[in-house]
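Following: one structure in structure tokens, then a few remarks.
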Amino acid sequence: MVIPRQRPSPPIDYKLTTWAVSRTPRPVLAAAARFAGLVHYLAAGGKRRNYLANLSPVVGFGADHRPWRAFQNQVLNVFELLKVPSQSDDDILERMSLHGGHIIDNGLESGNGMILATFHSGNWELSGLMLSLMGYPITTIAGEQLKTGWSDEVKALKERFGIRMAGEKGHVRGLYRDLESNRVIVLHVDGDVYTGGIGVSFLGRPLQAPRGPAHLSRVMSAPVALAYCRRARDGHLDVFIEPAHPPPADDAGERALTQSLMSRIEKCIVEDPGQWCIFRQLFDDTNEPLA
């Protein structure tokens with residue numbers, strides 16, 4: 478007889494943080510996130526330098542674009558995700574709006590699934606939960622979640638909402654099966670969990686972008702659409718689904734589709750860089766700004 482393996486107890490810092498967040502009113506959490514995010518921006522020199530270096534060729538920071546807003550947004554994202562277990566489904570949905578849901582519906586009509594290419598904007602974590610609560614069968618690829626030791630708990634939380642969490646390795650075959658099952662595959666194209674890249678221009682420099690969305694679309698004849706989240710000043714979260722791209726026909730089509738997606742993401746970031754929460758170095762020293 479095989480004895481089921483028990484999940485280890487959540488780390489004490491995870492339990493304490495979740496307990497505190499669950500009992501804190503949302504306005505107080507927002508104020509705490511503003512303070513903690515500013516402290517994080519000032520104290521985390523490496524992340525701060527990476528963030529500014531990534532954006533320096535295309536964003537002029539000043540009164541309209543204050544770089545610490547991204548750090549504040551990230552802290553609030555964590556608070557909001559940890560508050561989820563203490564909220565009802567209606568509590569989550571009432572603070573979120575979906576724009577373009579019909580694009581997903583139309584994409585799924587083919588029976589070949591749907592691919593959503595996305596990036597770390599607004600609160601992408603709650604965006605996935607919202608889509609799942611609205612009945613969409615979501616699959617995504619996940620690396621480490623939030624911080625070391627917390628990943629298992631965060632992944633388990635998402636799975637309770639019906640999201641299938643594909644692992645970092647050996648996931649491609651599973652994604653094929655999920656598309657055959659007419660699921661929605663959500664892939665971050667600004668993350669570092671991918672194999673195979675396509676050279677694109679992004680934020681004024683050359684970059685290797687994930688090949689996954691375009692290649693899966695080509696192989697499985699599944700449409701691709703850009704999806705992203707924006708946080709309004711009152712804290713409301715708007716999730717946008719942009720018009721879908723048809724599957725590319727060849728390698729050149731994959732490159733063109735990938736560049737099109739990255740160019741649109743670049744425009745979103747430049748319009749409001751405080752929404753974008755990537756604090757690792759995207760470009761090496763050889764990636765000089767494009768003329």
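Residues in the sequence shown are numbered consecutively from 478, following the working numbering.
Virtual Cβ for every residue (Gly too), placed ideally from N, Cα, C.
This one's a predicted model, so the numbers in the text were calculated from it and none came from an experiment.
query                                                                                                               : result
Three CB pairs or more closer than 8 Å across the region 542–560 and the region 654–661                             : no
Under 8 Å between C-beta atoms of Pro720 and Ala702                                                                 : yes
Candidates Asp568, Gln758, Ala729 and Met573, of which the one nearest Arg707 by Cα                                 : Met573
Selected residue, minimal CA-CA separation from Trp730, among Arg695, Leu759 and Phe756                             : Per the sequence shown, residue 730 should be read as Gly rather than Trp. When only C-alpha atoms are compared, the closest one is Arg695.
Cβ neighbours of Leu608 in the same chain (closer than 6 Å, five flanking residues each side left out)              : Ile615
Nonlocal neighbours in the same chain, by C-beta distance under 6 Å from Leu759, ignoring five residues either side : Asn531
Span separating the alpha-carbon of Met611 from that of Asp728                                                      : 35 Å
Reference Ser587; option with closest CA among Lys624, Tyr518 and Met697                                            : Met697
Proximity of Leu529 and Ile569 at Cβ, strictly below 8 Å                                                            : no
Arg757 to Arg732 span [Cα, whole Å]                                                                                 : 24 Å
Assigned secondary structure, Met478 (DSSP; H/G/I helix, E/B strand, else coil)                                     : Only weak support exists for where Met478 lies, its pLDDT of 45 falling under 50; the coordinates are left without a value.
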